[in-house]
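For the sequence shown, our numbering assigns the number 36 to the initial residue and increments by one for each residue that follows. Every residue gets a Cβ at the ideal spot worked out from N, C-alpha and C, and that includes glycine.
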Amino acid sequence: MTVRINPSILSADFVNMQADLERIANADFVHVDVMDNHFVPNLTFGPQMVRRIQDVSPVPLDIHLMISDADRTAPEYAEIGAASVTFHAEAAENPITLARRLREIGSRAGIALKPGTPIEPYLEHLDEFDQILIMTVEPGFGGQSFMADMMPKLATLSAEAKRRGSNVWLQVDGGIAESTIAQAAEAGADTFVAGSAIYGADSPALAIDALRDLAAAHRH
Ligand code: DX5
Ligand code: ZN
């Protein structure tokens, strides 16, 4: 069973970004958290930095936009040529139109749901998205505790995706570590973001391999 491990550079050293990207060359994608100090109470970087990250990254970009007014702001990140752009459902007026636009530009289109946002309205639109991100923390900061109470939401989504024969990737983000990844894999996730668990390890590359093995062993 294919699983993807996407390290979050929110936990990397921002002034040694190129070196920290090279430490995760065995990852599937690099997860890039864009925060605007408005949609979330934290600020990271914008398109200029993301473009440079893409120039030097050994793996493709999985951009997680935690920014307001996604209908207007998200396409710019697809224009950079990013492999995947995920916006928040809570920040978009018209998620389906936006997802279509991102695909048209050439990126995979993802939609993210905060812990309090229900999945049900999106179940009949799974084909409009390439990835659905179920947040397992409140977005904004790394190093928070995994919310196991999101597993029923993920399982509902996974069951519906299977029923429809959908190819959508199911991503989890927040508190993913060796102690939590099995639960998320069992509930149906196939794409795992981890920041502190990877960059906090002595060897990020070994941490990626360990997470990948655990996730693969618990997928069914
Ligand atoms: C949080 C970000 C995450 C964050 C995860 O808002 O979306 O990607 O980096 O960090 P950890 O894995 O430390 O919970
Ligand atoms: Zn993220």
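Is any non-hydrogen atom of the ligand DX5 found closer than 7 Å to the C-beta of residue i, if you look at the structure I gave you?
{"i": "LEU189", "result": "no"}
{"i": "SER249", "result": "As written in the sequence, residue 249 is Leu, which differs from the Ser given in the question. It does not: the Cβ of LEU249 is nowhere closer than 7 Å to a heavy atom of the ligand DX5."}
{"i": "ALA236", "result": "no"}
{"i": "MET84", "result": "no"}
{"i": "MET182", "result": "no"}
{"i": "VAL91", "result": "no"}
{"i": "GLY210", "result": "yes"}
{"i": "GLN53", "result": "no"}
Measuring CB to CB, does residue i end up less than 8 Å from residue j?
{"i": "ALA232", "j": "LEU189", "result": "no"}
{"i": "LYS197", "j": "GLU173", "result": "no"}
{"i": "GLU325", "j": "LEU161", "result": "Residue 325 lies beyond the residue range present for the chain, which begins at 36 and ends at 255; the question has no answer from this structure."}
{"i": "PHE181", "j": "ASN77", "result": "no"}
{"i": "ILE115", "j": "VAL85", "result": "yes"}
{"i": "ARG39", "j": "ASP55", "result": "no"}
{"i": "LEU249", "j": "ILE216", "result": "yes"}
{"i": "ASP104", "j": "ALA126", "result": "yes"}
{"i": "ASN129", "j": "ASP106", "result": "yes"}
Compute the beta-carbon to beta-carbon distance between residue i and residue j, rounded to the nearest angstrom, for a pair I have assumed lies under 8 Å.
{"i": "SER43", "j": "ALA240", "result": "No, SER43 and ALA240 are not in contact; Cβ-Cβ is about 15 Å, not under 8 Å."}
{"i": "ILE102", "j": "LEU96", "result": "Not quite, the Cβ-Cβ distance comes to about 16 Å (not below 8 Å), so this is no contact."}
Going by CA-CA distance only, name the one from the options that's closest to residue i.
{"i": "LEU100", "options": "ILE88, VAL75, ASP90", "result": "VAL75"}
{"i": "VAL69", "options": "ILE59, ALA60, TYR112", "result": "TYR112"}
{"i": "ILE59", "options": "LEU45, ALA212, PHE49, SER92", "result": "SER92"}
{"i": "MET52", "options": "ASP208, TYR234, ASP184", "result": "TYR234"}
{"i": "ASN41", "options": "ASN61, PHE49, ASP48", "result": "ASN61"}
{"i": "ALA144", "options": "THR171, ALA126, VAL203", "result": "VAL203"}
{"i": "PRO82", "options": "VAL65, GLU57, PRO110, ASP106", "result": "PRO110"}
Any heavy atom of the ligand PLP inside 7 Å of the beta-carbon of residue i?
{"i": "SER103", "result": "The ligand content of the structure shown is limited to the ligand DX5 and the ligand ZN, which means the ligand PLP is not among them."}
Using a strict less-than 6 Å threshold between each residue's beta carbon and the heavy atoms of the ligand ZN, what residues do you get? So the residues near the ligand ZN by this Cβ test are SER43, HIS66, ASP68, HIS99, ASP208, VAL228.
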